[in-house]
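**Q** Have a look at this one.
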Amino acid sequence: MFAFDQIVQKQIFVFLSGPCCVMTNQLFQYHFINENKSWDQARLYCKDNNHTDLATVSSMADMNRLRQDLGTRNAWIGLQRKASSNRTWQWSQPDVQFNESRDNGWDTNTMEPNDYGIENCGTLNTDKKWADLSCNREKPFICYDGENVQSLNWADAQSFCRDRHTDLISGPEQMEKLDEEKTNNLIQQSQGGFVFIGLFRDAWQWSDGSSFSFRFWNLQYDDEIKDSKNMTWEEALYYCRHHHHDLVTITNMDEQRWVQEKTKNASSPFVWTGLRYTCSLGFWFWVSDEVVHYKNWASPGQVNECDMSGAMQTGGEHKWFKKHDEEKFNFFCSTS
Numbered sequence: 003m004f005a006f007d008q009i010v011q012k013q014i015f016v017f018l019s020g021p022c023c024v025m026t027n028q029l030f031q032y033h034f035i036n037e038n039k040s041w042d043q044a045r046l047y048c049k050d051n052n053h054t055d056l057a058t059v060s061s062m063a064d065m066n067r068l069r070q071d072l073g074t075r076n077a078w079i080g081l082q083r084k085a086s087s088n089r090t091w092q093w094s095q096p097d098v099q100f101n102e103s104r105d106n107g108w109d110t111n112t113m114e115p116n117d118y119g120i121e122n123c124g125t126l127n128t129d130k131k132w133a134d135l136s137c138n139r140e141k142p143f144i145c146y147d148g149e150n151v152q153s154l155n156w157a158d159a160q161s162f163c164r165d166r167h168t169d170l171i172s173g174p175e176q177m178e179k180l181d182e183e184k185t186n187n188l189i190q191q192s193q194g195g196f197v198f199i200g201l202f203r204d205a206w207q208w209s210d211g212s213s214f215s216f217r218f219w220n221l222q223y224d225d226e227i228k229d230s231k232n233m234t235w236e237e238a239l240y241y242c243r244h245h246h247h248d249l250v251t252i253t254n255m256d257e258q259r260w261v262q263e264k265t266k267n268a269s270s271p272f273v274w275t276g277l278r279y280t281c282s283l284g285f286w287f288w289v290s291d292e293v294v295h296y297k298n299w300a301s302p303g304q305v306n307e308c309d310m311s312g313a314m315q316t317g318g319e320h321k322w323f324k325k326h327d328e329e330k331f332n333f334f335c336s337t338s
């Protein structure tokens with residue numbers, strides 16, 4: 003997994019050299035620097051050494067080159083999300099640019115995009131208009147050059163289309179060529195009448211100013227912290243298992259960093275995790291059945307009592323605290 007967050011941690015990084023402005027099909031020249039630096043330090047290094055910037059990844063071809071050379075190592079690239087950044091709509095196919103004035107197929111009757119909860123992915127609805135939806139819902143989807151009856155979440159649908167076709171269908175011009183009968187059948191087979199298309203939004207930007215929409219996230223976790231919901235631990239567990247997969251499990255430093263980055267949206271001082279204490283056996287365990295090897299307790303001396311579960315601090319050093327089940331906090335669901 004590439005680490006894309008901007009918390010202050012030290013790791014190796016990848017930079018690119020070559021012109022600042024390039025064509026989508028032009029391969030970047032990447033250089034790997036085996037020095038541990040924070041994201042800001044890595045970017046400054048790239049600029050100070052007469053290179054363009056931290057690496058921009060414009061396509062799956064770029065991504066495959068990086069994965070082949072990096073192996074299992076983590077490395078910074080030039081994708082960043084500033085605190086002041088707003089989410090913007092983009093098309094999944096990197097060579098299709100989203101045009102605010104042209105790309106306006108939203109269903110105005112239902113006030114789309116309405117961002118009900120957090121909805122960062124686009125669909126066709128029963129009126130064949132665009133509507134936003136949570137990316138973690140499982141829906142049929144349309145690839146460019148192929149429809150698919152099976153239901154997947156948006157990220158898995160994107161991967162499916164990239165593996166077997168071109169990508170998720172992107173842009174009004176491609177959608178105008180859809181077979182009307184096949185599209186109607188697909189919508190009718192979908193619960194609620196939504197079908198994923200290659201429309202998504204995020205607040206991430208490439209540090210060199212490129213507008214490439216290519217993303218390749220590790221979406222093990224739900225893209226939304228439940229910041230509007232304060233629940234007891236058991237209520238949170240039930241919610242996650244009913245709507246997603248489970249309360250979040252943290253088994254290594256990479257997962258810890260990813261979750262703590264997401265807690266920036268939380269409105270409570272702690273967020274529940276899937277960490278639970280069994281009073282009868284006297285040990286902590288993850289409700290996902292993972293063994294507790296990696297630990298990040300604020301103090302190992304915290305008292306272990308019955309009816310206690312683990313919560314992560316949303317500020318400071320994001321340490322884990324032992325909290326009584328009946329306290330109410332935001333929580334974090336995993337999707338797999």
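So the sequence shown is numbered by the working numbering: it starts at 3 and just counts up by one. Even glycine gets a Cβ: it sits at the ideal position worked out from N, Cα and C. Bear in mind the structure is a predicted one, so any value in this text is a computation, not a measurement.
Beta carbon of N122, beta carbon of R89: below 8 Å?
**A** For the purposes of this step, residue 122 is taken as residue 120 along the sequence shown, with counting starting at 1. For the purposes of this step, residue 89 is taken as residue 87 along the sequence shown, with counting starting at 1. Cβ atoms of N122 and R89: closer than 8 Å.
**Q** Opposite C335 in the DSSP bridges: which residues?
**A** Within the sequence shown, the letter at position 333 stands for residue 335. Per DSSP, L249.
**Q** Please go through the region 113-178 and give each complete alpha helix (DSSP H) segment of 4 or more residues, from N-terminal end onward.
**A** Complete alpha helix (DSSP H) runs here, min 4: 156-166, 174-178.
**Q** My output table needs one value for G73: the three-state DSSP class, helix, strand or coil.
**A** In the sequence shown, counting from the first residue as 1, residue 73 sits at position 71. Looking at G73 - three-state DSSP - the assignment turns out to be coil, as it is neither helix nor strand.
**Q** Using DSSP with H/G/I as helix, E/B as strand and the rest coil, what is K297?
**A** On the sequence shown, residue 297 is found 295 positions in, with the first residue counted as 1. In the structure shown, K297 sits in coil (DSSP, three-state: anything other than H, G, I, E or B).
**Q** Round the Cβ separation of Q315 and F272 to the nearest angstrom and send it over; I've been treating them as touching at under 8 Å.
**A** The residue you call residue 315 lines up with position 313 of the sequence shown. The residue you call residue 272 lines up with position 270 of the sequence shown. Contact holds; Cβ gap of about 6 Å.
**Q** Closest to Y296 by CA distance: which of S282, E257, S269 is it?
**A** The count along the sequence shown starts at 1 and reaches residue 296 at position 294. When each option's Cα is compared against that of Y296, the closest is E257.
**Q** In this structure, what does DSSP give as the bridge partners for S311?
**A** The residue you call residue 311 lines up with position 309 of the sequence shown. R278, K325, per the DSSP bridge assignment.
**Q** What is the rounded straight-line gap between the Cα of G200 and the Cα of I252?
**A** On the sequence shown, residue 200 is found 198 positions in, with the first residue counted as 1. On the sequence shown, residue 252 is found 250 positions in, with the first residue counted as 1. Whole-angstrom Cα-Cα distance: 30 Å.
**Q** Is F143 buried or exposed, if buried means 16 or more other CB atoms sit within 10 Å of its CB?
**A** On the sequence shown, residue 143 is found 141 positions in, with the first residue counted as 1. Burial call: buried.
**Q** What is the DSSP secondary structure of D256, counted as helix, strand or coil?
**A** For this step, residue 256 is matched to residue 254 along the sequence shown. If DSSP states are grouped into helix, strand and coil, D256 belongs with the helices.
**Q** Please return the same chain residues whose Cβ sits closer than 8 Å to the Cβ of K49, not counting the five positions on each side in sequence.
**A** By one-based count along the sequence shown, residue 49 stands at place 47. Only D55 meet the Cβ criterion.
**Q** Can the beta-carbon of D117 be found less than 8 Å from the beta-carbon of W132?
**A** Taking the sequence shown and counting its residues from 1, one reaches residue 117 at position 115. Taking the sequence shown and counting its residues from 1, one reaches residue 132 at position 130. Cβ distance not < 8 Å, so D117 and W132 don't count as in contact.
**Q** W93 bridges to which residues according to DSSP?
**A** Translated into the one-based positions of the sequence shown, residue 93 becomes position 91. Bridge partners of W93: L201.
**Q** Taking Cβ to Cβ, would you say F198 is nearer than 8 Å to K141?
**A** Position 196 of the sequence shown, counting from 1, holds the residue named residue 198. Position 139 of the sequence shown, counting from 1, holds the residue named residue 141. Yes; because the gap between Cβ atoms is below 8 Å, this pair is in contact.
**Q** Going by C-alpha distance, which of E175, Q160, P174 is nearest T168?
**A** Position 166 of the sequence shown, counting from 1, holds the residue named residue 168. For the residues E175, Q160, P174, the minimum Cα distance to T168 belongs to Q160.
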